[in-house]
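Engineer:
Protein chains: 2
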Amino acid sequence: MALTSVTFLGPQASFSHQAAVEAFGTSAELIPRPSFSDAFAAVQNQDVDYAIVPFENSTNGSVLQTLDLLADADAAYKDVQVCGEHYLTVHHCLLARKGIFASGEQDYSSITKLYTHPQAWGQCENFLGEHFKGVERQDVSSTSKGAEIVSKETTERSAAIASRFAAEYHGLDILAENIEDNSNNTTRFLVLRNTKSERSSRDSFEHIKAQNRQEPPTNIPAAKKNKNLISFMVREDTPGALADALLIFKSHGMNLTSINSRPSQKAAWHYVFLVECQTTTTDDGQEIATGVVADLQQVTEACRYLGTWTDQLVSTGN
Amino acid sequence: MALTSVTFLGPQASFSHQAAVEAFGTSAELIPRPSFSDAFAAVQNQDVDYAIVPFENSTNGSVLQTLDLLADADAAYKDVQVCGEHYLTVHHCLLARKGIFASGEQDYSSITKLYTHPQAWGQCENFLGEHFKGVERQDVSSTSKGAEIVSKETTERSAAIASRFAAEYHGLDILAENIEDNSNNTTRFLVLRNTKSERSSRDSFEHIKAQNRQEPPTNIPAAKKNKNLISFMVREDTPGALADALLIFKSHGMNLTSINSRPSQKAAWHYVFLVECQTTTTDDGQEIATGVVADLQQVTEACRYLGTWTDQLVSTGN
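Chains E and F are the protein sequences, given in the same order. Quick note, in the UniProt record's numbering, the first sequence goes up one by one and the last residue is 318. Quick note, in the UniProt record's numbering, the second sequence goes up one by one and the last residue is 318.
This is the structure in structure tokens:
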């Protein structure tokens with residue numbers, strides 16, 4: 001049987017690539033795609049078995065591109081569903097070309113230029129304020145792109161802010177590790193599959209993930225909670241429709257865990273709501289979610305079931 | 001009495017500036033601020049009577065900076081409340097230096113460079129595809145900044161994509177009008193005041209707005225609906241809390257019209273929900289909203305009333 005194939009948001013050594021390696025291991029075939037919509041299209045067209053896309057960051061909130069593609073205004077991805085999730089803690093390192101700094105050197109004053117993604121400057125303000133006041137900064141399209149640029153320079157003494165994963169991929173020295181202000185900054189990725197594919201399933205993904213952890217599958221707690229994603233549309237001028245829709249979740253014993261709304265692109269002030277919910281029991285959840293969808297179809301427009309998967313969040317409250 | 005002062009998100013001739021002129025008229029003192037947080041701080045510090053900030057676009061969705069400042073994780077803006085809203089339709093024009101093109105000229109082939117905000121390229125794709133294939137594009141920080149640059153050039157034959165308002169402000173010729181793909185693209189602005197200020201109120205704003213329309217205030221329909229904004233926090237690991245909170249709105253006869261969630265910045269996967277709601281009756285709404293808040297305080301954390309104002313949306317459904 002061919003290798004399991006997984007697409008991620010490129011370039012190589014991006015945080016999405018790291019999430020793909022953590023979730024699927026290095027024995028899967030991992031294929032970068034340049035955009036979110038390319039990753040969704042790859043799953044819809046069954047070019048790959050799975051895609052892994054960022055969905056939500058603990059500091060910055062929802063990833064709007066992913067929400068819009070799940071909302072799927074043009075019905076371009078109608079067979080794409082969520083079958084898993086993966087949490088990745090975002091750590092940043094200061095990286096330089098191999099050997100140009102003595103091991104353990106703490107004096108960065110000879111570094112003349114820094115490269116990273118605009119968001120990473122803001123995530124490392126304390127470290128940058130302490131060591132890099134006034135040093136030239138160059139924005140790049142991704143942290144791993146910055147690491148790549150630094151790895152290819154021959155004359156400048158520049159550095160990149162990127163992950164340990166990017167350092168290893170591009171063969172860079174790590175001058176300082178965990179330089180981010182908030183060491184708990186975490187991104188939740190969703191794993192997508194095509195419902196018509198026989199090469200992918202929720203169970204298959206969980207089996208791959210468990211193997212990759214190098215733990216026997218029996219180590220997964222039996223009482224793991226499920227998560228479900230359902231979308232529907234409500235017009236702003238239909239009084240009570242949103243509350244009625246949300247009540248349906250409760251009447252089926254589903255807890256609402258998140259609600260996002262996006263413009264439907266059908267008309268102004270017409271929204272798609274994307275609701276994540278959980279059953280309070282330890283059952284599979286999918287059957288209940290299907291019941292919720294059937295009832296939602298009475299009070300909403302274009303209601304769609306977008307998948308059931310196993311909750312991977314290790315919460316202090318659990 | 002001193003002029004009413006209003007701050008808006010700069011630079012001069014921005015869409016926020018245009019919204020401020022439409023809502024407050026030219027007799028108010030209009031003051032640009034460089035950032036969203038500066039505009040909120042100006043209201044909190046009573047440096048101005050009002051601020052007008054973009055809240056939601058009919059195509060792109062919520063403006064996250066405004067949501068985060070209303071969510072107010074650090075309690076920096078605790079006296080800031082919403083007292084009004086204003087809808088602005090976003091129209092784009094092709095603008096050039098006065099006199100360098102003959103009036104009515106439809107041949108743009110001598111234009112060598114275009115300036116606009118990155119979002120505006122995407123909003124004018126059809127027009128640009130028809131007339132400007134392969135022409136150099138320069139991103140600028142705002143559409144009005146592009147208009148300013150073009151107005152100051154002396155040698156180049158460049159053009160900017162910006163509003164009619166920016167054309168008039170910077171003294172530019174309008175070569176083509178309404179070049180946007182979607183003529184209904186609309187931004188909703190919120191009007192903010194300080195609850196401790198005696199110089200501002202919901203009634204004062206509505207009076208100013210009505211005067212500025214050059215209609216007598218009695219022309220405002222008596223049955224205008226209200227809108228209310230309330231924020232609260234729910235932990236992801238508190239099953240049922242979100243549904244319970246949303247049920248409270250229904251039990252007070254409040255319709256949910258929008259729900260946004262943002263990371264609380266207190267802990268990972270801990271959210272602030274910002275809920276807009278409407279009473280079904282024609283009353284003021286504020287008293288009911290206060291009752292909702294009192295009940296919400298039983299099941300949520302840090303619940304806050306963020307204002308009541310008159311719904312300005314002219315919907316086909318009304």
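Even glycine gets a Cβ: it sits at the ideal position worked out from N, Cα and C.
If contact means a Cβ-Cβ distance below 8 angstroms, which residues of the segment 226 to 259 of chain E contact chain F?
Structural biologist: So the close ones are R235, E236, D237, T238, P239, G240, L242, A243, L246, L247, F249, K250, N255, L256, T257, S258 and I259.
Engineer: Just to confirm, are R193(F) and C277(F) a CB contact at a threshold of 7 angstroms?
Structural biologist: Cβ atoms of R193(F) and C277(F): not closer than 7 angstroms.
Engineer: For A167(F) versus A96(F), is the C-beta spacing smaller than 7 angstroms?
Structural biologist: No, the pair does not count as a contact, with Cβ atoms beyond the cut-off.
Engineer: If you measure beta-carbon to beta-carbon, which residues of the segment 48 to 59 of chain E are closer than 8 angstroms to chain F?
Structural biologist: Going along the segment 48 to 59 of chain E in chain order, one finds N57, S58 and T59 with a Cβ nearer than 8 angstroms to chain F.
Engineer: Quick check: the segment 67 to 76 of chain F against the segment 116 to 130 of chain F, are there 3 or more CB pairs under 8 angstroms?
Structural biologist: The segment 67 to 76 of chain F, when compared against the segment 116 to 130 of chain F, does not touch it at the 8 angstroms Cβ threshold.
Engineer: What does a CB cutoff of less than 7 angstroms around M233(F) pick up in its chain, not counting 5 residues either side in sequence?
Structural biologist: If we look at M233(F) and ignore the five residues flanking it on each side, its Cβ neighbours are S264, H270, Y271, V272, T300, E301 and A302.
Engineer: Mind checking which residues open and close the alpha helix (DSSP H) that includes E85(F)?
Structural biologist: Counting along the chain, E85(F) falls outside any alpha helix (DSSP H), though it belongs to the beta strand (DSSP E) covering V80 to T89.
Engineer: Taking 7 angstroms as the cut-off, decide whether the C-beta atoms of A245(E) and L296(E) are in contact.
Structural biologist: Yes; because the gap between Cβ atoms is below 7 angstroms, this pair is in contact.
Engineer: For R137(E), decide whether its Cβ has a neighbour in chain F, counting only Cβ atoms nearer than 7 angstroms.
Structural biologist: Not one chain F Cβ lies under 7 angstroms of R137(E).
Engineer: Pick out whichever of V275(E), H170(E), T257(E) and H17(E) has its Cα sitting closest to the Cα of Y50(E).
Structural biologist: It is H17(E).
Engineer: Roughly how many angstroms separate the alpha carbons of D311(E) and K227(E), rounded to a whole number?
Structural biologist: Taking the straight line from one Cα to the other gives about 6 angstroms.
Engineer: Alpha carbon to alpha carbon, how far is V6(F) from L9(E)?
Structural biologist: V6(F) and L9(E): Cα-Cα distance of roughly 43 angstroms.
Engineer: Please name the residue in L3(F), A2(F), T4(F) and S14(F) whose C-alpha comes closest to that of R164(F).
Structural biologist: Answer by Cα proximity: S14(F).
Engineer: Does any C-beta atom of chain F lie closer than 7 angstroms to the C-beta of P118(E)?
Structural biologist: No, its Cβ sits nowhere closer than 7 angstroms to a Cβ of chain F.
Engineer: Run through DSSP, which three-state label would L192(E) get?
Structural biologist: Strand, per DSSP.
Engineer: CB-CB under 7 angstroms to H131(F), same chain, minus the five flanking residues each way: which ones, in chain order?
Structural biologist: Taken in chain order, the residues that qualify are Y108.
Engineer: Less than 8 angstroms between the CB atoms is what I'm expecting for L190(E) and F55(E), so what's the real figure, rounded?
Structural biologist: Contact flag correct, Cβ pair sits at about 5 angstroms.
Engineer: When we look at the beta-carbon of L30(F) and count the other beta-carbons within 10 Å, is it buried (16 or more) or exposed?
Structural biologist: Buried: at least 16 other Cβ atoms inside 10 Å.
Engineer: Sorted by chain position, which residues of the same chain lie with C-beta nearer than 8 angstroms to residue 320(E)'s C-beta, five sequence neighbours on each side aside?
Structural biologist: One cannot answer for residue 320(E) here, as it falls past the ends of chain E, which runs 1 to 318.
Engineer: Where does residue 351(F) sit, in a helix, a strand or coil, going by DSSP?
Structural biologist: Nothing about residue 351(F) can be reported from this structure: the residues present for chain F run from 1 to 318 only.
Engineer: Leaving out five residues before and five after N184(E) in sequence, what residues of the same chain have Cβ atoms less than 8 angstroms from its Cβ?
Structural biologist: Only S58 and T89 meet the Cβ criterion.
Engineer: State buried or exposed for A41(E), treating a residue as buried only when at least 16 other CB atoms are found within 10 Å of its CB.
Structural biologist: A41(E) should be labelled buried.
Engineer: Can you check whether the CB of C93(E) is closer than 7 angstroms to the CB of E148(E)?
Structural biologist: No, the Cβ-Cβ distance between E148(E) and C93(E) is not below 7 angstroms.
Engineer: Tell me T308(E)'s beta-bridge partners as DSSP assigns them.
Structural biologist: BP columns for T308(E) point to N228(E).
Engineer: Answer yes or no: do S110(F) and N260(F) have a C-beta to C-beta separation smaller than 7 angstroms?
Structural biologist: For S110(F) and N260(F), no; Cβs fall outside 7 angstroms.
Engineer: Near C124(E), what residues of its chain come up, given a Cβ to Cβ distance below 7 angstroms and the 5 sequence neighbours on each side ignored?
Structural biologist: The residues are H92, I161, I179, E180 and D181.
Engineer: So for S5(E), helix, strand or coil by DSSP?
Structural biologist: Strand, per DSSP.
Engineer: Report yes if the CB atom of L67(E) is closer than 7 angstroms to the CB atom of R262(E), and no otherwise.
Structural biologist: Yes, the Cβ-Cβ distance between L67(E) and R262(E) is below 7 angstroms.
Engineer: Where K113(F) and S37(E) are concerned, what is the direct C-alpha to C-alpha distance, given to the nearest angstrom?
Structural biologist: C-alpha separation (whole angstroms): 30 angstroms.
Engineer: Using a C-beta to C-beta distance shorter than 8 angstroms, which residues of chain E count as neighbours of P32(F)?
Structural biologist: Going along chain E, no residue has its Cβ under 8 angstroms from P32(F), so there is no contact; the nearest lies around 24 angstroms.
Engineer: Does DSSP classify L313(F) as helix, strand or coil?
Structural biologist: In the structure shown, L313(F) sits in coil (DSSP, three-state: anything other than H, G, I, E or B).
Engineer: So, is the C-beta of T308(F) closer than 7 angstroms to a C-beta in chain E?
Structural biologist: Not an interface residue.
Engineer: With a Cβ-Cβ cutoff of 7 angstroms, do S200(F) and Q46(F) count as a contact?
Structural biologist: In this structure, Q46(F) does not lie closer than 7 angstroms to S200(F) by Cβ.
Engineer: Quick one: list the residues of chain E neighbouring P263(F), beta-carbon separation under 8 angstroms, in chain order.
Structural biologist: Correct list: N57, S58, T59, N60 and G61.
Engineer: Using CA atoms only, rank isn't needed, just tell me which of D139(E), Q106(E), K133(E) and L128(E) is closest to T116(E).
Structural biologist: If we check each option's Cα against that of T116(E), D139(E) comes out closest.
Engineer: Just the chain F side, please: which residues come within less than 9 angstroms of T186(E) by C-beta, in chain order?
Structural biologist: Those within 9 angstroms of T186(E) in chain F are A268 and W269.
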